[in-house]
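For reference, the structure is listed below as structure tokens.
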Amino acid sequence: MILQTEQGQFDLSAGFDLSIPVRRGPNSVEAFYIPHAQMEPYCAGSFVGSVPQGGACNCENIRFNAHGNGTHTECVGHVSKEAHYLPDSLKEHFFIAQLISLEPAKQADGDALFLPEQFPDSLPEALIIRSLPNSKDKLYKKYSGTNPVYLHPDTATKFRLAGVKHLLIDQPSIDREEDGGALAAHKNYWNYPARPRMDATITELIFVPDEAKDGIYLLNLMTAVMETDAVPSKPMIYLSL
Numbered sequence: 008m009i010l011q012t013e014q015g016q017f018d019l020s021a022g023f024d025l026s027i028p029v030r031r032g033p034n035s036v037e038a039f040y041i042p043h044a045q046m047e048p049y050c051a052g053s054f055v056g057s058v059p060q061g062g063a064c065n066c067e068n069i070r071f072n073a074h075g076n077g078t079h080t081e082c083v084g085h086v087s088k089e090a091h092y093l094p095d096s097l098k099e100h101f102f103i104a105q106l107i108s109l110e111p112a113k114q115a116d117g118d119a120l121f122l123p124e125q126f127p128d129s130l131p132e133a134l135i136i137r138s139l140p141n142s143k144d145k146l147y148k149k150y151s152g153t154n155p156v157y158l159h160p161d162t163a164t165k166f167r168l169a170g171v172k173h174l175l176i177d178q179p180s181i182d183r184e185e186d187g188g189a190l191a192a193h194k195n196y197w198n199y200p201a202r203p204r205m206d207a208t209i210t211e212l213i214f215v216p217d218e219a220k221d222g223i224y225l226l227n228l229m230t231a232v233m234e235t236d237a238v239p240s241k242p243m244i245y246l247s248l
């Protein structure tokens, strides 16, 4: 199916799924020392929510943390004193997006991060960053304690000033793993607390397959509907013709 927009045509039959699912057990991506997700049958009296265990149907309790168990989309509520929830921030789900692949800049202290000068001044509403080198290991990687790639706070400011409202990256966080709680890149991007951008989102722990080439795409940012700052998400991108 071909979708015609003001920005061009997009092939809805040629999409790429950028999500890493919340998986059962330890064979999953992991960050910030957050335990892996747990799915267990709900039990109440004689009811057991497991057909294999004799129940009439499967009905599971799920315990997970969106920030460390898979692809997730977050709003300013991630860093604010005030309660803000992702469903209130994300009212639309289709955006024109640019996919950019870059090697992070290596620093003398061993850190690897993205600097403002690595990105063009003009950017669309949604920006997808694929860090190089790329590998399917990202689908199951244990990031805790590895000081993953992150953004310089000035890079986040550049994105905000360029009008980027939906930022997607294949790392656990746009901030340094251990930064003393500053979360400067998050706050610069959301312009918090000065004038918070309530309609801006950050999606972390994505995976962009090598088959998706750099360029312009139509992004469908699908998310779970949960009253919290970050929820599991499934970004899909579609080719521009």
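Taking the working numbering, the leading residue of the sequence shown gets 8, the next gets one more, and so forth.
We put the CB at the ideal spot given by N, CA and C, even for glycine.
| Asked | Found |
| --- | --- |
| Through-space distance from Y245 to G117, alpha-carbon basis | 36 Å |
| Helix, strand or coil at H193 according to DSSP, with G and I counted as helix | helix |
| Inter-residue Cα distance where the pair is H85 and D236 | 5 Å |
| Start and end residues, beta strand (DSSP E) containing T162 | No beta strand (DSSP E) holds T162; the alpha helix (DSSP H) holding it covers P160 to A169. |
| Cutoff 8 Å: C66 Cβ touching any chain D Cβ | Although the question refers to chain D, the structure presented lacks it and comprises just one protein chain. |
| Same chain, Cβ closer than 7 Å to Y49, five either side skipped, listed in chain order | G56, C66, E67 and N68 |
| Closest by C-alpha distance to T164, when choosing among M229, K194 and V232 | K194 |
| Alpha-carbon to alpha-carbon, P200 and A207 | 14 Å |
| One or two residues paired with Y40 in a DSSP bridge | Partner(s): none; Y40 has no beta bridge. |
| Buried/exposed call for E211, threshold 16 Cβ in 10 Å | buried |
| Cβ distance (whole Å) where F101 is taken to contact L226 below 8 Å | 7 Å |
| 6 Å CB neighbourhood of F121 in its chain, flanking five on each side removed | P111, L158 and T162 |
| Buried or exposed (CB count within 10 angstroms, at least 16 for buried), F166 | buried |
| Inter-stretch contact at 8 Å, needing at least 3 Cβ pairs: the segment 133–140 / the segment 90–98 | no |
| Whole runs of the alpha helix (DSSP H) within the segment 53–138, excluding any shorter than 4 residues | 73–76 and 93–96 |
| Where the beta strand (DSSP E) through R10 begins and ends | The amino acid occupying residue 10 in the given sequence is Leu; Arg does not appear at that position. Looking at the DSSP string, the run of the beta strand (DSSP E) that includes L10 is I9 to T12. |
| Closest Cα partner of F126 within the set P140, N141, P59 and S108 | S108 |
| Reference L139, options T80, M243, P239 and I176, closest by Cα | I176 |
| Proximal residues to N76 (C-beta, below 6 Å), its chain only, five neighbours per side dropped | V29 and A44 |
| Cβ pair S180, T80 closer than 8 Å | no |
| Opposing strand residues paired with Q16 [DSSP bridges] | Q11 |
| Close-in-space but distant-in-sequence residues of the same chain around A231 (CB under 8 Å, 5 per side omitted) | V238, P239 and S240 |
| Beta-carbon separation (whole angstroms), I27 vs L168, contact threshold 8 Å | Not really, about 30 Å apart at Cβ, beyond 8 Å. |
| Residue nearest to A90 in terms of C-alpha spacing, selected from G222, A191 and P203 | P203 |
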